[in-house]
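In the order they appear, the protein sequences are chains A and B.
When you number the first sequence by our numbering, it's gap-free, plus one each residue, and the end is 426.
When you number the second sequence by our numbering, it's gap-free, plus one each residue, and the end is 426.
Reading through the structure tokens given below for one structure.
Protein chains: 2
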Amino acid sequence: MVLLSGGLDSATCLAVARAEGFEVNALTIQYGQRHVREVEAANRVVEHLGAVRHEIHRLDPRIFRGSALTDAIPVPRGRDPGSMTGGVPVTYVPARNTVFLSLALAWAETLGCGDIFIGVNAVDYSGYPDCRPAFIEAFTAMANLATRAAVEGRLAVNIHTPLLEMTKGDIIRKGISLGVDYGLTWSCYDPASGGTPCGECDSCILRARGFRDAGLEDPLGRKSCKG
Amino acid sequence: MVLLSGGLDSATCLAVARAEGFEVNALTIQYGQRHVREVEAANRVVEHLGAVRHEIHRLDPRIFRGSALTDAIPVPRGRDPGSMTGGVPVTYVPARNTVFLSLALAWAETLGCGDIFIGVNAVDYSGYPDCRPAFIEAFTAMANLATRAAVEGRLAVNIHTPLLEMTKGDIIRKGISLGVDYGLTWSCYDPASGGTPCGECDSCILRARGFRDAGLEDPLGRKSCKG
């Protein structure tokens, strides 16, 4: 089971799962994100990298509120996402990874699958608490007490986070080595960015730094390379 | 925040939260349960007991599959739900309480609320793993690493399970003492039961035993008192 947003990290995560020999069930959640363009990217990534199944599940958009990714709150521009000054930014979505992993856990148990991949990263990231190793460990402990399959000893839950400790440059190099076409992915948070990434939100800046560190050109174009 | 299905336990849980002085935000999840009648009951319970807010959120019905509560699988009849023979029954819904608590956690953080009530019970129940104390403890630990509000030390997450160690009879007595009208609730799992509970599913049998133990008549009528 791979949680696939359609961004750079989750596309790489899917490629890693495939390279490790897993048959992939991909789950994309449409939760009212204003940058809904990433859902179209998820479809392209699955077409490109392959999956046994891909489902896009809609979540009631009222679940996630109070974030610049879901509400009419401006997406911050020109920040230094690595600096962590000002704490967790307004693009934080309340309990998003908890909800996503829970939804993945439910479908995974039905499919008889105990391996869940999520492309969280705690190096080049915006400081979201639910991207950190301690959160992933606690979720894993909880999940192994939650499902019938785990409690009956038939299927342990294992949350795979292959990108957790990698830099964005390493992630991109890894993905390129596995044949990922990053031109199909979408990272920009700005709902008004049209077909071209804004180049100024946290996500664009982190992506641009990653491509620069990897010594590569972003196939999405130079506008995303300002950061 | 109170997770309210519309059944006997969650209605009692709401009454306990109110009695403890909480302003209640009630969350009902419509997840494709075949006994959707419980959602109508949730509306009646809120009207009766009161809440600051009540929202009914629809979940993609594909999330929960493989259960007699969501798929065309017969609901078992005439079992002894307390005996635990045969393990967790087919009415188990994969990872349901994990998903429900996660959705409550997300909305709660937005509202600035750290207290989440869930009417789980590990005495007169069907053996579902996600109703047990160890699961609730693990979820709490995870939640306190998941949200910005918890990690920044502004709002600890506290999962309240006032019914966890009570018998069904005790739950009913408690609810009656708090003025709960159980005639408004709905417990029956059978989607074909019409306006009258089937009296033979686990949920009806546990309910009937509870009323008998409490020495009370179920206002939903004697058909639910067979067990």
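For glycine and all other residues, C-beta sits at the position ideal for the given N, C-alpha and C.
Sub-7 angstroms separation of residue i and residue j beta-carbons
| i | j | result |
| --- | --- | --- |
| serine 386/A | serine 376/A | no |
| alanine 294/B | alanine 345/A | yes |
| glycine 318/B | leucine 362/B | yes |
| threonine 227/A | leucine 203/A | yes |
| alanine 462/B | valine 201/B | What is shown of chain B runs 200 to 426, which leaves residue 462/B out entirely. |
| proline 275/B | proline 288/B | yes |
| leucine 207/A | arginine 406/A | yes |
| phenylalanine 316/B | alanine 216/B | yes |
| histidine 234/B | tyrosine 388/B | yes |
| asparagine 357/A | aspartate 314/A | yes |
| glycine 311/A | threonine 309/B | no |
| methionine 341/B | phenylalanine 410/A | no |
| threonine 290/A | alanine 267/A | yes |
| glutamate 364/A | glycine 277/A | no |
| aspartate 412/B | glycine 368/B | yes |
| histidine 332/B | tyrosine 381/B | Reading off the sequence, residue 332/B comes out as proline, not histidine. Result no, Cβ atoms of proline 332/B and tyrosine 381/B do not sit closer than 7 angstroms. |
Boundaries (first-last residue) of the beta strand (DSSP E) holding residue i
| i | result |
| --- | --- |
| leucine 226/A | 224–229 |
| histidine 234/A | That residue, histidine 234/A, is in no beta strand (DSSP E); it is neither H nor E in DSSP. |
| glutamate 416/A | Unbroken run through glutamate 416/A: none, as it is neither H nor E. |
| aspartate 158/B | The requested residue 158/B does not occur in the structure, where chain B is confined to residues 200 to 426. |
| aspartate 314/B | 314–316 |
| glutamate 254/A | 252–257 |
| isoleucine 272/B | Where isoleucine 272/B is concerned, there is no enclosing beta strand (DSSP E), given that its DSSP letter is neither H nor E. |
| isoleucine 358/A | 357–359 |
Rounded distance between the beta-carbons of residue j and residue i, thought under 8 angstroms
| i | j | result |
| --- | --- | --- |
| valine 244/B | leucine 415/B | Rounded, the Cβ-Cβ distance is 18 angstroms, inconsistent with contact. |
| isoleucine 262/B | alanine 305/A | 5 angstroms |
| histidine 256/A | leucine 302/A | 7 angstroms |
| valine 292/B | threonine 269/B | 6 angstroms |
| serine 325/B | proline 280/B | 5 angstroms |
| arginine 353/A | proline 328/B | Not really, about 12 angstroms apart at Cβ, beyond 8 angstroms. |
| alanine 210/B | glycine 374/B | 7 angstroms |
| threonine 286/A | glutamate 254/B | This sequence places glycine at residue 286/A; threonine is not what is there. That pair is no contact at about 28 angstroms. |
| arginine 236/B | aspartate 323/B | With 8 angstroms as the limit, arginine 236/B and aspartate 323/B do not qualify as a contact, their Cβ atoms being about 22 angstroms apart. |
is_contact[residue i, chain B] using C-beta, thresh 7 angstroms
| i | result |
| --- | --- |
| glycine 352/A | no |
| leucine 419/A | no |
| valine 274/A | no |
| isoleucine 262/A | yes |
| serine 301/A | yes |
| serine 423/A | At serine 423/A, the pLDDT of 43 sits below 50, so the modelled position is not reliable and the matter cannot be decided from this model. |
| glycine 426/A | Unreliable placement is indicated for glycine 426/A, whose pLDDT of 36 sits below 50; the coordinate value is still reported in the next sentence. So, not an interface residue. |
Below-7 angstroms beta-carbon distance, residue i vs any chain C residue
| i | result |
| --- | --- |
| proline 328/A | Checking the listed chains, one finds no chain C in this structure; the protein chains it contains are A and B. |
Interface residues of chain A facing residue i [CB-CB closer than 8 angstroms]
| i | result |
| --- | --- |
| phenylalanine 334/B | Met341, Leu344, Ala345 |
| arginine 257/B | Asp259 |
Residue i, enclosing alpha helix (DSSP H) - first and last residue
| i | result |
| --- | --- |
| asparagine 431/B | Residue 431/B lies beyond the range of chain B shown here (200 to 426); nothing can be said about it. |
| glutamate 308/A | 295–310 |
| isoleucine 370/A | 367–376 |
| isoleucine 335/A | 332–345 |
Contact set between residue i and chain A, taken where Cβ atoms lie within less than 9 angstroms
| i | result |
| --- | --- |
| alanine 305/B | Ile262, Phe263, Arg264, Val292, Pro293, Ala294, Arg295, Thr297, Val298 |
Contacts of residue i in chain B (Cβ-Cβ under 9 angstroms)
| i | result |
| --- | --- |
| glutamate 237/A | The premise fails here: glutamate 237/A is roughly 18 angstroms from chain B at the closest Cβ pair, so nothing lies under 9 angstroms. |
Chain A residues whose Cβ lies nearer than 7 angstroms to that of residue i
| i | result |
| --- | --- |
| phenylalanine 338/B | Met341 |
Any C-beta of chain A under 7 angstroms from that of residue i
| i | result |
| --- | --- |
| valine 223/B | no |
| valine 287/B | yes |
Under 7 angstroms from the C-beta of residue i: neighbouring residues of chain B
| i | result |
| --- | --- |
| glutamate 308/A | Pro293, Ala294 |
| glutamate 254/A | Arg261 |
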